[in-house]
DNA sequence: CGGCATCCATTTTGATACTG
DNA sequence: CAGTATCAAAATGGATGCCG
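Chains as they are written, first to last, in this note's numbering: chain A, 1 to 223; chain B, 224 to 446.
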């Protein structure tokens with residue numbers, strides 16, 4: 001199994017040799033919110049069969065971007081987690097996401113899957129680090145049975161799957177609100193005000209959300 | 224010809240639907256330093272046949288990322304240029320390049336192609352915008368028969384193929400120096416000091432290069 | 001559940017030959 | 001040059017069966 005390569009001594013090409021194949025960057029997107037099990041990865045990626053998923057994960061391991069871990073009790077099952085090198089692809093994935101928010105989102109299309117985690121990651125890519133200078137806060141997001149949290153610590157952010165230890169604010173909402181947000185219908189602040197979102201916790205931190213996360217203005221691509 | 228899609232309502236996935244196919248991001252990398260002709264694109268991308276190149280360019284046009292233009296006299300030939308949406312992929316490509324510089328470069332491998340333009344783009348991704356606040360300067364780089372220039376204007380940068388109008392500094396060097404730089408053997412400052420680089424122009428601006436462009440420290444990926 | 005192996009229909013790609 | 005046309009080789013997708 002010889003690995004295909006662009007054979008260019010160029011940082012972009014070398015990166016794409018490693019993560020440029022179909023599905024690879026989406027796998028990394030999944031793992032950016034924390035370790036995931038084989039089955040959960042497959043459920044998130046319709047169209048990716050077990051064979052190819054297995055091959056891609058092996059490749060990520062071989063290339064030092066991910067590794068198998070044992071989930072702590074009481075789970076005690078295997079899962080895949082990013083290594084440091086894998087985590088550091090975050091900025092690149094966020095940059096791709098930002099471009100997509102601006103130039104490629106719009107209305108949800110017939111048959112398109114949606115997972116709350118994707119919206120949470122999109123939110124991370126909207127994080128305005130300058131607006132968080134000196135801030136320390138944890139926001140928890142509950143959407144149906146899915147829970148995520150954003151940990152902000154002085155201009156850095158982490159967005160992880162699962163509940164927070166000590167959330168300062170808890171926001172409970174529905175998938176539909178996130179879908180509207182992802183479609184660019186008003187920023188995060190509007191999504192909150194809009195409808196079903198219920199928030200509990202520190203009022204000041206809650207109202208700060210609109211400054212911490214700024215959704216880019218959608219634009220039209222013209223041929 | 225139905226376009227293949229991940230079918231996910233997610234900014235990253237939507238972006239990859241558009242630019243995630245093989246060669247597409249490398250094509251965009253080529254166009255990020257300015258318009259290019261069909262033949263020149265092909266020469267830069269060994270392994271990409273005329274058929275696929277033609278198909279990719281059509282797709283870029285259809286998706287509003289690039290368009291055909293007429294080069295101004297005396298050239299008067301057709302070329303491909305990025306649209307605004309295409310240009311805005313710059314940050315994403317730069318992010319991929321930065322990751323590659325850190326985690327994937329090292330020694331040049333047997334058979335790998337190299338073009339000065341790739342190094343110039345890598346340089347752009349090392350640009351420290353804070354270090355350029357209030358600065359206005361144009362650097363011209365000459366490498367063999369290839370000429371590029373970096374136009375810095377108050378914390379923003381453009382790196383283009385071709386000579387500059389009014390360069391403040393002209394740096395003449397060899398491919399080997401750029402290759403060493405790309406391999407991470409010392410930053411740009413060192414590359415200049417090192418050997419064949421000859422610079423003419425404003426001394427103060429020249430010595431500022433080491434602050435304007437900071438090469439990331441190469442790291443090892445561990446499986 | 002997690003994961004590999006196998007088979008097979010479709011797509012993508014790579015390489016080259018050919019045309020305006 | 002700037003592309004089309006063509007064909008062989010790979011990669012993908014989907015289904016299914018097996019094993020710990």
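Just so it is clear, CB atoms sit at the ideal spot from N, CA and C, and this is done for glycine as well.
Give the range of the beta strand (DSSP E) segment to which residue 70 (chain A) is assigned. 66 to 70
Taking all protein chains shown into account, do 16 or more other C-beta atoms lie within 10 angstroms of the C-beta of residue 209 (chain A), making it buried, or fewer, making it exposed? buried
So if DSSP puts residue 259 (chain B) in a beta bridge, which residue, or which two residues, is it bridged to? B:303
Range covered by the beta strand (DSSP E) that runs through residue 403 (chain B): Per DSSP, residue 403 (chain B) belongs to no beta strand (DSSP E); it is in the alpha helix (DSSP H), 398 to 405.
Nearest-angstrom Cα separation, counted from residue 408 (chain B) out to residue 160 (chain A): 37 Å
How long is the line joining the alpha carbons of residue 66 (chain A) and residue 293 (chain B), rounded to whole angstroms? Answer to the nearest angstrom: the Cα atoms are 47 Å apart.
Is it buried or exposed, residue 348 (chain B), if we count other Cβ atoms within 10 angstroms and call 16 or more buried? buried
Closer than 8 Å to chain B by CB, residue 195 (chain A): Summary for residue 195 (chain A): the model assigns pLDDT 45, below 50, so the residue's position carries little reliability; its value from the coordinates is reported in the next sentence. So no, residue 195 (chain A) is outside the interface.
Going by the DSSP bridge assignment, what does residue 380 (chain B) pair with across the sheet? B:375
Straight-line CA distance for residue 227 (chain A) to residue 49 (chain A)? It is not possible to answer for residue 227 (chain A), since the shown part of chain A is limited to 1 through 223.
Apart from the five residues just before and just after residue 338 (chain B), which ones in its own chain have a Cβ nearer than 7 Å to its Cβ? 267
For residue 137 (chain A): DSSP bridge partner residues: A:152
Within 8 Å, strictly: CB atoms of residue 12 (chain A) and residue 319 (chain B): yes
Take every Cβ of the segment 87 to 102 of chain A, pair it with every Cβ of the segment 226 to 246 of chain B, and state whether three or more of those distances are shorter than 8 Å. In this structure the segment 87 to 102 of chain A touches the segment 226 to 246 of chain B; the number of beta carbon pairs closer than 8 Å is three or more.
Any idea what DSSP makes of residue 221 (chain A), helix, strand or coil? coil
Please determine, among B:438, B:406, B:250, B:413, the residue with the shortest C-alpha to C-alpha distance to residue 332 (chain B). B:406
Only counting the same chain, and skipping five residues up and downstream in sequence, which positions put a Cβ closer than 6 Å to that of residue 129 (chain A)? 155
Cutoff 8 Å: residue 335 (chain B) Cβ touching any chain A Cβ: With 8 Å as the cut-off, residue 335 (chain B) counts as an interface residue toward chain A.
Which same chain residues end up closer than 8 Å to residue 147 (chain A) when comparing Cβ atoms and leaving out the 5 residues on each side of it in sequence? 140, 141, 161, 162, 163
Reducing DSSP to helix, strand and coil, say where residue 120 (chain A) ends up. helix
Proximal residues of chain A, C-beta to C-beta of residue 284 (chain B) below 8 Å: 223
What does a CB cutoff of less than 6 Å around residue 221 (chain A) pick up in its chain, not counting 5 residues either side in sequence? Around residue 221 (chain A): 103.
In this structure, how does DSSP classify residue 369 (chain B) when only helix, strand and coil are distinguished? strand
Endpoints, alpha helix (DSSP H) assigned at residue 284 (chain B): 273 to 285
Mind the definition here: the segment 87 to 95 of chain A touches the segment 54 to 64 of chain A only if three or more C-beta pairs lie below 8 Å; say whether that holds. no
Residues of the segment 87 to 111 of chain A with Cβ closer than 8 Å to any Cβ of chain B, in chain order: 88, 89, 91, 92, 93, 94, 95, 96, 97, 98, 99, 100, 101, 102, 103, 104, 105, 108, 109, 111
Close Cβ partners of residue 117 (chain A) (< 8 Å) along its chain, the five nearest in sequence each way excluded: Excluding residues up to 5 positions away in sequence, 30, 33, 44, 146, 148, 161 lie with their Cβ nearer than 8 Å to the Cβ of residue 117 (chain A) in the same chain.
Please report the Cβ distance between residue 350 (chain B) and residue 411 (chain B), rounded to the nearest whole angstrom; I am assuming they are in contact, meaning their Cβ atoms lie under 8 Å. Their Cβ separation, rounded to whole angstroms, is 11 Å, which puts residue 350 (chain B) and residue 411 (chain B) out of contact at 8 Å.
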